[in-house]
């Protein structure tokens with residue numbers, strides 16, 4: 001699925017959900033890559049062998065993604081969320097073009113992107129400025145309170161420098177995106193949650209604690 005939403009603790013094609021509830025609005029999630037530069041221990045990839053979000057026919061082209069939007073019941077959209085089965089910044093050029101298309105074609109919608117925040121390392125350059133004027137919110141996975149714990153959980157291919165790079169990216173995003181949040185899940189324990197709060201205070205970042213859902 002390229003465009004999907006949530007249904008009964010799972011995922012469903014956005015248009016199919018609208019058929020079930022034609023008068024309601026739902027967040028539209030955009031899925032356009034399976035690729036990721038992390039191999040997180042908690043990732044759904046490891047929990048299910050046949051996942052609905054896996055793009056079995058490969059990555060859709062930018063034109064296919066745009067057409068999916070044009071064919072979708074946009075009157076039933078609440079917010080648009082760039083968040084798929086992979087890391088969206090792995091297709092950075094297409095991502096920026098897609099966000100530009102959304103901004104120009106559907107200017108009334110708020111757009112959020114969920115990311116691991118490692119695009120600076122992936123491309124060897126600063127990337128936050130690319131999202132200026134294109135995102136209302138960026139949500140970045142903080143995961144843990146130290147570089148060592150972060151690497152143990154995410155198994156980032158960039159190694160121990162990943163954590164600091166992610167935090168630097170988050171701080172840089174504050175210059176270009178109105179709402180920047182970093183996230184952790186509630187199962188990491190009270191001590192670790194408090195340690196993450198201290199990290200966010202140090203970097204002046206807003207923290208959101210999410211409920212972990214292993215669906």
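Numbering (the UniProt record's numbering), first residue to last: 1 to 215. Glycine is no exception: its CB is placed at the ideal position from the N, C-alpha and C atoms.
- Annotation for residue 32: no alpha helix (DSSP H) segment contains it, and DSSP assigns it neither H nor E.
- Here residue 184 is near residue 142, since their CB atoms are less than 9 Å apart.
- Nearest to residue 27 by C-alpha distance, out of 38, 35, 7, is 7.
- Fewer than three pairs of CB atoms, one per stretch, sit closer than 8 Å, so the stretch 137-153 makes no contact with the stretch 85-102.
- Between residue 55 and residue 36, the alpha-carbon positions lie close to 13 Å from each other.
- CA-to-CA, the gap between residue 174 and residue 204 works out to about 10 Å.
- According to DSSP, residue 7 shares a beta bridge with 10.
- The Cβ atoms of residue 155 and residue 40 lie closer than 9 Å to each other.
- Sequence-distant Cβ neighbours of residue 111 in its own chain, meaning closer than 8 Å and more than five residues away, are 79, 80, 81, 82, 99, 102, 103, 134, 135, 136, 137.
- When the Cα atoms are used, residue 180 and residue 58 turn out to be separated by approximately 31 Å.
- By the beta-carbon neighbour count (other beta carbons within 10 angstroms, threshold 16), residue 70 is exposed.
- Going by C-alpha positions, residue 106 is about 18 Å away from residue 31.
- In the DSSP assignment, residue 90 forms no beta bridge with any residue.
- Nearest Cα to residue 164 within the set 176, 177, 150, 186: 150.
- Between residue 196 and residue 187, the gap from beta carbon to beta carbon reaches 9 Å or more.
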